[in-house]
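Report on the structure given below.
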Amino acid sequence: MLKRATRTDVTQKTKHQEVNHNRVRVALDQIKSNIIKDKRGIHSGGKNAIDEERIENIKMHIALFPTYVSHYCRNQTASKFLNSDLNLSKMYQFYTDTTENPVKTPHKDTYRMCDTYKAQISSAQTTHKENLERNHREHLEIANELRNEIKADLICAQEDKTLETLTFDLQKTHPLPKIPTGVAYYKRQLNLLILGTYLCRPYKKRYFQCMDRTRGRQGT
């Protein structure tokens, strides 16, 4: 091994762990011909890197959220904190209220079977896709027939005084208890349920019954 024009004896193990002569020669030739350029520090991130403008917009949006100063640490730090009851739903609602072109969410929930059909159709091959589309159309036709029967029953109940038609709807509304403080906030909370009953006749009466999940053997 040559080092500064002098020969130095090294062990075989040391020589194998060193960079071989051919690699050094190629690197020196590339440097002499200006093929290699120092690229350290010139990269601004990978292809998926977020540009600075979008980062600043995100920071500005987060800064719009209401903050508070810690009651117990206000003498030790001037930091501000987000409210503990802030969640994705509230942040999304705040986004839609402050954005000119917000993303629209569906007003009604979707049906599991229809979502399954749509997901399978989007990834299926041609033959299997046609079968799925046909099954989905048949499913929608059955749903429309049932909906038409409900409308027909409502009309009959309005015309025939001896006939009554009732509809029911169970809604899950607010988590209980609504306490944003301490341990209670992180415990498994119950939900307030509202059972709505609609009478087509007379006078289109509506009745609502409130209950929690401990009723009907639905406790935690």
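Just so you know, we're using the working numbering here: the sequence shown kicks off at 8 and counts up by one. We treat Cβ as the ideally placed atom computed from N, Cα and C, and that holds for glycine.
Contact under 7 angstroms by Cβ, residue i with residue j
i: Cys121; j: Ala164; result: no
i: Thr74; j: Lys66; result: no
i: Thr174; j: Asp160; result: no
i: Leu177; j: Leu202; result: yes
i: Phe72; j: Leu95; result: no
i: Ala150; j: Leu139; result: no
i: Lys179; j: Leu200; result: yes
i: Asp167; j: Leu197; result: no
DSSP three-state assignment for residue i, whether helix, strand or coil
i: Gln165; result: helix
i: Leu206; result: strand
i: Thr84; result: coil
i: Ala56; result: coil
i: Asp92; result: coil
i: Leu147; result: helix
i: Leu71; result: coil
i: Lys44; result: coil
i: Gly226; result: Residue confidence is low: Gly226 scores 45 on pLDDT, short of 50, so the model does not pin down where it sits. Its coordinate-derived value is still stated next. Coil at Gly226, not helix or strand.
Opposing strand residues paired with residue i [DSSP bridges]
i: Met257; result: Outside the displayed range of the chain (8 to 227) lies residue 257, so it cannot be described from this structure.
i: Gln178; result: Ile201
i: Leu173; result: Leu206
i: Arg213; result: Tyr205
Span of the alpha helix (DSSP H), counted from its first residue to its last, around residue i
i: Leu89; result: Note, Leu89: premise wrong, no alpha helix (DSSP H); beta strand (DSSP E) at 87-89.
i: Thr74; result: Not the alpha helix (DSSP H): Thr74 falls in the beta strand (DSSP E), residues 74-76.
i: Thr123; result: 119-130
i: Ile38; result: 28-39
i: Asp104; result: 95-105
Proximity test, residue i beta-carbon vs the ligand FMN heavy atom, cut-off 6 angstroms
i: Gln165; result: Questions concerning the ligand FMN fall outside what the structure shown contains, since it holds no ligand whatsoever.
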